[in-house]
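Using the working numbering, read the sequence shown as starting at 142 and increasing by one per residue.
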Amino acid sequence: MLEIRKLRAGYGAINVLWDVDLSFAEKQLTTIVGPNGAGKSTLLKTIMGLVPPSQGEITLRGQSLAQYRTWDMAEQGVVLVPEGRLVFRDMSVEENLIMGAFPKQKRGAMTRNIERAYELFPRLKERRKQLAGSLSGGEAQMVAMARGMMAEPRVLLIDEPSLGLAPVIVQEIFNILRKLKNEGVTIVLVEQNTHMALSVAERVYMMRSGRVVMDKPAAEVDVTKLHDLYFALEG
Ligand SMILES: Nc1ncnc2c1ncn2[C@@H]1O[C@H](COP(=O)(O)OP(=O)(O)O)[C@@H](O)[C@H]1O
Ligand SMILES: [Mg+2]
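Here's what the structure looks like:
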């Protein structure tokens, strides 16, 4: 569905991604794990057109995404929930959701999609009038995810959703990811919590120093060995 071929990208003179090949299958959840600085966030930003590739190709259903700008990506069905659970702090939960309905052809479905978001995230319904800046980290993450879903993405890219959250909230976030996958959303999950990531993923990539160092079906990955590899590589 989403294919990345020989992708090279970085920041000015500093190259970060070195000829990465990744393939994200439709309606599956693919996780990308790897130590800090591996280039995982840079990869997601490059897919979104936030970082320009210097080489290689990104295609969605066989069509190159090169001509689309970041703000056109939602209309192409690709949405990024960035790391750091960025919300509009001075807006209510519901106003944050409305901000997610910016693609023109999704605006008509806004009311329905808000209801759908509240079904997925009942906590947000309770807090619909509350300022997003007053939410807990877990709730802010839910707002960021629910806002992304307002564009009805076919591909959801999500960067470190569980970072710094309490285990019970992490569980809740992963239950929602599982639900979205079952609804047919193609998900690319960058995650440090390899245990949880493996429990929902069909496929696992490990990145290190801007390169893909492992590519396996999740069912074939032994989490203990994965950790060994992770730390061996980190040294
Ligand atoms: N805006 C930026 N400008 C320059 N270098 C950056 C920028 N963002 C990230 N980097 C560098 O790119 C490398 C990969 O970072 P990143 O993609 O954030 O990795 P990860 O998400 O796997 O932790 C790191 O060496 C980081 O310092
Ligand atoms: Mg990152």
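Glycine included, every Cβ here is placed at the ideal spot set by N, Cα and C. All figures in this text were calculated on a predicted structure; none of them were measured in a lab.
Within its chain, find whatever has a CB closer than 7 Å to the CB of residue i; leave out the 5 residues flanking it on each side and keep chain order.
i, result
"ARG202", "MET142"
"LYS320", "LEU261"
"SER303", "VAL311, ILE314, GLU332, ASN334, MET337"
"ARG146", "ASP162, GLY197, GLU198"
"TYR259", "LEU265, LYS266"
Report the three-state DSSP secondary structure of residue i (helix, strand or coil).
i, result
"ASN334", "coil"
"VAL157", "strand"
"VAL192", "coil"
"GLY203", "coil"
"TYR152", "strand"
"LEU185", "helix"
"VAL326", "coil"
"PHE315", "helix"
"GLY289", "helix"
List the residues that DSSP assigns as beta-bridge partners of residue i.
i, result
"PRO358", "ARG344"
"ILE310", "Its beta-bridge partners do not exist; DSSP assigns none."
"VAL234", "In DSSP, VAL234 forms no bridge with anything."
"VAL228", "DSSP lists no partner for VAL228."
Between residue i and ligand 1, is the CB less than 7 Å from at least one heavy atom?
i, result
"ASN156", "no"
"ASN316", "no"
"THR172", "no"
"ALA338", "no"
"ALA179", "yes"
CB-CB under 6 Å to residue i, same chain, minus the five flanking residues each way: which ones, in chain order?
i, result
"ARG248", "ALA242"
"ASN237", "VAL228, PHE229, ALA273, VAL284, ARG288"
"ALA281", "ARG226, VAL228"
"GLU164", "Looking at the sequence provided, one finds Ser at residue 164 rather than Glu. Result list for SER164: GLU144, in chain order."
Please report the Cβ distance between residue i and residue j, rounded to the nearest whole angstrom; I am assuming they are in contact, meaning their Cβ atoms lie under 8 Å.
i, j, result
"GLU343", "ALA166", "7 Å"
"ALA150", "THR183", "6 Å"
"TRP159", "ARG349", "Not really, about 11 Å apart at Cβ, beyond 8 Å."
Check whether the Cβ of residue i sits closer than 7 Å to any heavy atom of ligand 2, and report yes or no.
i, result
"SER182", "yes"
"GLU301", "yes"
"GLU224", "yes"
Counting only the same chain and skipping the five closest in sequence on each side, list residues whose C-beta sits under 8 Å from that of residue i.
i, result
"GLY305", "GLY278"
"HIS368", "THR335"
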